[in-house]
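In what follows, a single structure is set out as structure tokens and then discussed.
Residue numbers (the numbering used here): 3 to 239.
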């Protein structure tokens, strides 16, 4: 079992490397490969079970786009082959058609036909409560960008409370085969035990076992109770 973590020296905001820390606890015998921005990604020439990338600064996004652009066809090939990807926070934006930053338009890898629009005057901070594969999914959002594009047939999760890729939709994130891209941070895998088991199963583990299962599931149920309560505020700017 091999997990590649892309550019952890840049893609490490909001504590989302906690996703990897939790996977290490769940899979103590797995190999975790940290690929720096100056190294060739392992996925370019070798098989891995999961490719993970976390949230990064806006400046880092441009470095990551430049780094990954030569591997665009390889990434598309892997997605079609049902390679498992998990991109959290703004990581998925590097695969969008473009990122709009005021008068600047930054071309992305254009694997997904979406546009991300930055608004530094308004950071969105909020909770999310929705569904993924008929299971409840929870998470947090903290972002300067909103995404625009038709994801009603390719969304990661459908919101019940909270926003989707922008304030006008409940459809959150992007999913294509086993590529999962989401603005949700938290860390996502710590907050959602059933999604974590789902992800591990598709990585090739027939009977996924959660570390600290009782505590993780208790905390998950508590979050569901809180977010199902209409008195719980879902956003604060």
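Where a beta carbon is used, it is the ideal one built from N, C-alpha and C, also for glycine.
Residue i - containing beta strand (DSSP E), residue span
i	result
residue 211	No beta strand (DSSP E) holds residue 211; DSSP gives it neither H nor E.
residue 206	No beta strand (DSSP E) contains residue 206, which DSSP labels as neither H nor E.
residue 33	33-37
Residue i versus residue j - alpha carbon distance
i	j	result
residue 74	residue 114	11 Å
residue 105	residue 203	44 Å
residue 143	residue 126	7 Å
residue 44	residue 16	25 Å
residue 165	residue 82	28 Å
residue 102	residue 216	43 Å
Secondary structure of residue i, DSSP reduced to three states
i	result
residue 13	coil
residue 48	coil
residue 140	strand
residue 218	helix
residue 83	coil
residue 55	strand
residue 5	strand
residue 159	strand
residue 197	helix
Residue i CB to nearest heavy atom of the ligand COA below 8 Å
i	result
residue 98	The model on display carries no ligand, and the ligand COA is accordingly not part of it.
Sequence-distant residues of its chain with Cβ nearer than 7 Å to residue i (five each side left out)
i	result
residue 18	56, 57, 90, 91, 187 and 189
Whole-Å CB distance - residue i paired with residue j, under 8 Å assumed
i	j	result
residue 60	residue 120	7 Å
residue 139	residue 194	6 Å
residue 128	residue 236	5 Å
residue 159	residue 198	About 14 Å; that fails the 8 Å criterion.
residue 87	residue 182	6 Å
Residue i - containing alpha helix (DSSP H), residue span
i	result
residue 26	20-28
residue 187	Where residue 187 is concerned, there is no enclosing alpha helix (DSSP H), given that its DSSP letter is neither H nor E.
Contacting residues, own chain, Cβ-Cβ under 8 Å from residue i (five flanking each side not counted)
i	result
residue 76	45 and 46
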